[in-house]
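Taking this note's numbering as reference, the numbering of the sequence shown is continuous, increasing by one, and the terminal residue is 419.
One structure is given here, and the rest of the page talks about it.
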Amino acid sequence: MARHGGRGWHGRVIAAAVGVTAAAVAASVWTAQAGQPGGGSPRAGVSSGHTAPKAAAVSADIAHASDGGAHAVNITIDDGPNPVWTPQVLQLLRANGVKATFCMIGPQAQAHPELVRQVVAAGHRLCDHTVSHDTTMDKKSEAYQSQQVLEAEQQITKASGGVQPMYYRAPGGAFTPYSRHLAASHGMRPLGWNVDSKDFERPGTEAIIATVKRELSNGPTILFHDAGGDRSQTVAALRVLLPWLKQQGYSFGFPVR
């Protein structure tokens, strides 16, 4: 759910099935976490029961750019996984040859580990979206922020079979310097957005499509949701937007690390 702060300086300047095998996870982890531009070294390996190594620190600046270059977009999907909508989003991404970043709520990942592993196996990336999706967490204590970020990281990593989130997105953009640096010290680049599709408000499929097309000049990172309510409008909008973006000459990347 969008609130504030996610678009950040970048947008203002520019715009003024179930049950994948361990082998499949391992292969996709290499592709998504290491083989893509900006991916760094692989961070897999807990499918064998070992604890994943602590990730190297990354920049604490909020990322908006794409590692795919000037004419690439980043598809980001928040609030899941959800057993109804996440599989439909995954099917559309697969049909269009698109990789995305899934910003997951810790308990949702914990409840649906098979979906987390499907996301990883398909070559998508994981993002920590906290435990409680508290859009006022920037007003809370550092101890609370730490619990929200680190507990969700652990839940997502365990659900994935050992693949750690590569990004951290504060609910509603409620970042603080503390939470940004905490996430970065655990290898999770703070992740903003440039285009808020407003799909969370369920304004209608055509309105979602029009918003994305209108706001695309703000920058490459587009925000959608696969949970938090009926996401049928999101699925319908993605069915139109993904091929349209390709027709406009856009490629699909991941947020910079």
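Virtual Cβ for every residue (Gly too), placed ideally from N, Cα, C.
Checklist entry - First and last residue of the alpha helix (DSSP H) that includes A262? => result Taking the first residue of the sequence shown as position 1, residue 262 is located at position 100. Per DSSP, A262 is not a residue of any alpha helix (DSSP H); the beta strand (DSSP E) it occupies stretches across A262 to M266.
Margin query: To the nearest angstrom, how far is the alpha carbon of G334 from that of D358?
Written below: Within the sequence shown, residue 334 is the residue found at index 172, counting from 1. Within the sequence shown, residue 358 is the residue found at index 196, counting from 1. If I take the Cα positions, the gap works out to 11 Å.
Worksheet item: I think A217 touches Q326, with their Cβ atoms under 8 Å apart; what is that distance to the nearest whole Å?
Response: Numbered from 1 along the sequence shown, position 55 holds the residue referred to as residue 217. Numbered from 1 along the sequence shown, position 164 holds the residue referred to as residue 326. Confirmed, Cβ separation roughly 6 Å.
Any contact of the stretch 253–269 with the stretch 225–240, i.e. 3+ C-beta pairs under 8 Å?
yes
* Asked: Nearest CA to the CA of F414: which residue from V281, K261 and F362?
  -> What you label residue 414 is simply residue 252 of the sequence shown in a count that begins at 1. Of the candidates V281, K261 and F362, the one whose C-alpha sits nearest the C-alpha of F414 is K261.
query: Buried or exposed: where does S394 fall if 16 or more other Cβ atoms within 10 Å of its Cβ makes it buried?
result: For this step, residue 394 is matched to residue 232 along the sequence shown. Answer is exposed; the Cβ neighbour count stays below 16.
### Task
Drop a sphere of 10 angstroms on the beta-carbon of S303, count the other beta-carbons inside from all chains shown, and report buried for 16 or more, exposed for fewer.
Counted from its first residue, the sequence shown places residue 303 at position 141. Exposed: under 16 other Cβ atoms inside 10 Å.
Point to revise | Per DSSP, the bridge partner or partners of N236 | key: Translated into positions along the sequence shown, residue 236 becomes position 74. Residue pairing by DSSP places N236 opposite T383 in a beta bridge.
Practice prompt. Could you tell me the boundaries of the beta strand (DSSP E) in which R287 lies?
Written response: Sequence index remark: in the sequence shown, residue 287 carries index 125 (1-based). R287 to D290 is the extent of the beta strand (DSSP E) around R287.
### Task
My understanding is that H387 touches D361, with C-beta atoms under 8 Å, so please give their C-beta distance in whole angstroms.
If you number the sequence shown from 1, residue 387 lands on position 225. If you number the sequence shown from 1, residue 361 lands on position 199. Cβ-Cβ separation between H387 and D361: approximately 6 Å, consistent with a contact (criterion under 8 Å).
Consult DSSP for D300 and reduce its assignment to one of helix, strand or coil.
Here residue 300 refers to the residue found at position 138 of the sequence shown. D300 falls in the helix class under three-state DSSP.
Taking 7 Å as the limit between beta carbons, can you name the residues of its chain near S341, skipping five residues before and five after?
Taking the sequence shown and counting its residues from 1, the one referred to as residue 341 is at position 179. Only Q307, V311 and A332 meet the Cβ criterion.
- Does DSSP put Y306 in a helix, a strand or coil? In the sequence shown, residue 306 corresponds to position 144, counting from 1. If DSSP states are grouped into helix, strand and coil, Y306 belongs with the helices.
Fill in: Supposed close pair Q280, A321 - CB separation, criterion 8 Å
As a first step, residue 280 must be located in the sequence shown, where it is residue number 118. As a first step, residue 321 must be located in the sequence shown, where it is residue number 159. Between A321 and Q280 the Cβ distance is about 11 Å, and since that is not below 8 Å, they are no contact.
| said: Helix, strand or coil, according to DSSP, for V357 in the structure here? | reply: Translated into positions along the sequence shown, residue 357 becomes position 195. Secondary structure at V357: strand, using DSSP grouped into helix, strand and coil.
Check your understanding: Roughly how many whole angstroms lie between the Cα atoms of G390 and P352?
Key -> Counting from one through the sequence shown, the residue named residue 390 turns up at place 228. Counting from one through the sequence shown, the residue named residue 352 turns up at place 190. Approximately 22 Å, taken between the alpha carbons.
Quiz item: Exposed or buried, A185, counting other C-beta atoms within 10 Å across all chains shown (16 or more means buried)?
Solution: Numbered from its first residue, the sequence shown carries residue 185 at position 23. With a pLDDT of only 36 at A185, under the threshold of 50, the placement of this residue in the model should not be trusted, and no figure is reported.
For this session: Compare the C-alpha of S294 against each of V278, A283, H274 and Q270 and name the closest.
Result: As a first step, residue 294 is located in the sequence shown; it is residue number 132 there, counting from the start. Nearest of V278, A283, H274 and Q270 to S294, Cα basis: Q270.
Status (buried if at least 16 other CB within 10 Å, exposed otherwise) for G108:
Outside the shown range of the chain, which is 163 to 419, sits residue 108, and nothing can be said about it.
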